[in-house]
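Start counting the sequence shown at 1; every next residue gets the next number (full-length UniProt numbering). Every residue, glycine too, gets a C-beta built ideally from N, C-alpha and C. These figures come from a predicted structure and were not determined experimentally. This report concerns only the one structure given below.
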Amino acid sequence: MNSYRVVAVVSVLLADAARAEEPAFELPDLVVRSRSLDVARNAIAPSLGASRYEIDRETIQKLPGGENARLTDVLLQAPGVVQEAFGDLHVRGDHRNLQYRVSGVLLPEAISGFNQLFDARALRSVSLITGALPAQFGYRTAGVVDMQLRSGLEDPGGSIGVYGGSFGTIQPGASYGGSAGPVEYFGTLSGLRSDRGFENPTPGRTALHNETDQIRGLVHAAVPVGDRSRISLIAGSMYSTYQVPNTPGLRPAFTAYGQSIFDSTDLRARQVQRNSFAILAGQHSLGDADLQLSTFIRRSSIRYRPDGLGDLLFDGSASTVARESLSYGTQGDAAWRLHREHTLRGGFSLSQDTTRNVTDSTLLPLDAVGSALDAPFNLREAGRVRQTLFGLYLQDEWRITDRLTLNAGGRFDTISGIVEASQFSPRANLVWTPDEATTVALGYARYFTPPPAELVGAIDIARYRGTSLQPSTQQADPVQPERTHYVNLGIRRRVTESLTLGIEAYGRSVEDMQDLGQFGRAYVFSPYNYRRGRVYGTELTADWRQGPWRVYGNLSVSRSEGRGLVSNQYFWSPAELAQIRRKWVRTDHDQLLTGSAGAAYEAWEGGTLSSSLVYGSGMRKGFANSEVMTPYLTVNLGVSQRLTLPDGGAWTLRFDVINLFDRGYQLRDGTGIGVGAPQYGMRRGFFAGLSRAI
């Protein structure tokens, strides 16, 4: 899974094979052209020198959950990925900061992330690229989620089925692909209804008032223009509604409208999320040069509707939060093979993000001694944040010898809007293959991470003075771009034909380190900066494949800490600010040990047994993140069977057990920096599915 590739040489060989007059096996001309163009596109933006952990479609289908799994569940099997509430991820000690790419095109981050938009059934493969990234990767740099979509030419047909079980889960889904003349297409559509939308705030098996309904779809179409060009369209959309779960036994802390009694199980807050995107890309191969030009648009929104009276009695405020983000832009990339020793790559990106924020709050005034008065009033705050990003990069892949390659270059980025800033970022990766079984990669990268415009909201602190939403710290400096020095050393060794081992060590020194927190009842993150940050760790990987067996395992050791808070200080108390100013503190998502493993065995004709596990030593909690959560381990089992029924169709039956040992575990306890509420992981669940090929 973990590989370093000299992609330019491989791509030339594959492209030549695809264009050969007498191929070793017969393929339709459209398939040959499609593969050749795929190879050329991937050669434009290789991950040479970075760490690439790939999970292919065969592995996805065999894991518990199969193609019904969320993208998040798939990525948890990669090294250095820490589980977070609401399907969020931490990669190598960072919070979110992930770059999503679909067939080589960058997708700007959505308010709720893109991991919930993509179904595993749409993926040919998904790779997590980390480490010292080459110069073509900018902005979001904790990791690159590189998704390759299924092809209607190479994977024609599809399936229709339903999956469900515990927690009231019903998940219908369908996919289909094919070709119409020269046009290839592939699409998926799925729905989800469940009694478990957000994480349970209590340790019980089920949460009160926690239903979710979701629908998502994705379509990919491509048409060749001659033998060396192609135009592609990729579009996707998701609509989700959530009930916000309740915690029984809470007692109101305020009086409003003459009432001071309210049963916390009767709270009725809700949240609605929408995400949509579209990409139009043109690709052309011109002799020794490959080019791709794309344009994209992404719209994302969240609306939180409180329980007006209930939230006011428990929190002293009830706020309707609406946030909508529109991003659009263009991206161009090119690769030019000068000769065998040098391949030049360069490109640009230009995008603009406009985020509108509206907060309608019902508040209580405070008297002279700071006690709330029963005199509710309304306060509305609206704002717009616009941010423009522009970047250029150029790099040279230099094959110094047959066993030593240097990929060196740099990128220049500017941001305008929230702040005005720019940076030149040099990058270099040295890849050495002393023999056919060993690869050593050493890399350095300078990163420039702009503020996440889709999460930035304007606030006028003065308007909240003397109210129940008055912060104890009267300071809200703007979020700054993060600037990082990153080093990475990786060694991969194919010990036998079946077993491959790897080890990587990384470290980064950060100025204005960005982090995210949930402040309030709405499930919306807000960014802030530590003045300084430092993150370092080690990852171990193992992969064994032999006959019907496939076994893998990963273990990561990581530490992430920051010092001094320099933006959005009003989120914290003066005591916390003083503590963080004096000493280094762990970030809220810091987890010392993280592990994942899995196995799949083709036990009989058409039948597969599989298992996976995820381990975490616990993220942080307590005052200034000074304590650690309890460790957890979840084990999942799955069995699937392919069969032919009397109708003559190819059917697949599967049964999965998630959290086999019913280990109750807590991801968050509601304390620590930027943690809004207690959050428990899912208890044991039984799920079954039946699908038919079409």
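Assuming residue i and residue j make a contact with CB atoms under 8 Å, what is their CB distance in whole Å?
i      : j      : result
Gly310 : Phe262 : 5 Å
Ile418 : Ala453 : 6 Å
Leu577 : Ser596 : That belief does not hold up - the Cβ atoms of Leu577 and Ser596 are roughly 36 Å apart, past 8 Å.
Thr594 : Gly80  : 7 Å
Val566 : Asp512 : 7 Å
Gly638 : Asp656 : 4 Å
Alpha carbon to alpha carbon, how far is residue i from residue j?
i           : j      : result
Thr644      : Trp604 : 15 Å
Asp88       : Arg96  : 7 Å
Val635      : Asp515 : 30 Å
Gly664      : Tyr680 : 7 Å
Thr362      : Ala368 : 20 Å
Leu123      : Gly672 : 37 Å
Pro203      : Pro248 : 12 Å
residue 729 : Ile459 : The question about residue 729 has no answer, for the chain in this structure spans 1 to 694.
Val535      : Gly93  : 6 Å
Phe25       : Glu154 : Only weak support is given to the placement of Phe25: the predicted model assigns it a pLDDT of 43, under 50, and the value that follows is read from those uncertain coordinates. Using only the alpha carbons, I get a separation of about 14 Å.
Ser194      : Gly168 : 5 Å
Val358      : Asp402 : 58 Å
Phe137      : Leu389 : 14 Å
Pro108      : Arg492 : 32 Å
Gln214      : Leu192 : 5 Å
Gln331      : Glu84  : 31 Å
Gln259      : Thr414 : 53 Å
Ser611      : Arg298 : 36 Å
Val585      : Gly537 : 16 Å
Gly502      : Ala542 : 6 Å
Glu21       : Ser229 : No answer about Glu21 holds up, because its pLDDT of 39 lies below 50 and its placement is not dependable.
Leu106      : Pro376 : 46 Å
Ala372      : Thr467 : 8 Å
Where does residue i land, buried or exposed, given buried means 16+ other C-beta within 10 angstroms?
i           : result
Ser626      : exposed
Gln77       : buried
residue 696 : Look at the range of the chain in this structure, 1 to 694, and you will see that residue 696 is not part of it.
Arg150      : buried
Pro450      : buried
Arg251      : exposed
Ala688      : exposed
Phe296      : buried
Tyr257      : exposed
Thr496      : exposed
Ile60       : buried
Leu63       : buried
Arg382      : Position check: residue 382 holds Ala in this sequence, whereas Arg was assumed. Exposed, because fewer than 16 other Cβ atoms sit within 10 Å of the Cβ of Ala382.
Gly236      : buried
Leu71       : buried
Ala253      : exposed
Trp572      : buried
Ala445      : buried
Closer than 6 Å by C-beta to residue i: which residues in its own chain qualify, once you throw out the five before and the five after it? Chain order, please.
i           : result
residue 695 : In the structure displayed, the chain extends from 1 to 694; residue 695 sits before or after that span and is not available.
Gly674      : Gly517, Asp588
Asn275      : Ala110, Leu117, Met238, Ser300
Arg508      : Thr484, Tyr486, Val535
Arg345      : Ala335, Gln395
Thr188      : Asp119, Arg121, Ala122, Ser175, Leu218
Ala599      : Val551, Ser611
Arg532      : Arg563
Kindly list the residues whose CB is nearer than 7 Å to the CB of residue i, restricted to its own chain and excluding five residues on each side of it in sequence; keep chain order.
i      : result
Ser125 : Glu54, Ile55, Asp56, Arg57, Gln148
Gln546 : Ser498
Phe424 : Gly410, Phe412
Val225 : Ile231
Gln591 : Val82, Ser558, Gly616, Ser617, Gly618, Met619
Pro481 : Ile415, Val419, Ala421, Phe448, Thr449, Pro450, Pro451, Asp512
Apart from the five residues on each side of it in sequence, which residues of its chain come closer than 8 Å, Cβ to Cβ, to residue i?
i      : result
Gly157 : Tyr176, Gly177, Gly178, Ala693, Ile694
Arg380 : Val358, Thr359, Asp360, Ser361
Asn659 : Thr634, Val635, Asn636, Gly681, Met682, Arg683, Arg684, Gly685
Pro434 : Arg403, Val440
His342 : Asp396, Glu397, Trp398, Arg399
For the ligand HEM, I want to know if residue i counts as a neighbour, meaning its beta carbon is within less than 7 Å of at least one of the ligand's heavy atoms.
i      : result
Arg663 : Although the ligand HEM was asked about, the structure shown includes no ligands whatsoever.
task: Pick out the complete beta strand (DSSP E) segments inside the segment 276-324, 3 residues or longer, and give them in chain order.
output: List check, beta strand (DSSP E) in window: 289-305.
task: Quick one: which unbroken beta strand (DSSP E) runs of 3-plus residues sit fully inside the segment 473-545? Chain order, please.
output: 482-494, 499-518
message: My parser needs the beta strand (DSSP E) runs of 3 or more residues fully inside the segment 329-408; what are they?
response: As summarised for the segment 329-408, the continuous beta strand (DSSP E) elements at least 3 residues long and confined to that stretch are 342-363, 377-401, given in chain order.
Segments of 3+ residues assigned as beta strand (DSSP E) that fall wholly inside the segment 94-125: If we require 3 residues or more, the beta strand (DSSP E) runs fully inside the segment 94-125 come out as 98-102, 105-107.
query: Which runs of the beta strand (DSSP E) spanning at least 3 residues fall entirely within the segment 598-636, listed in chain order?
result: If you keep only unbroken beta strand (DSSP E) runs of at least 3 residues inside the segment 598-636, you get 607-616.
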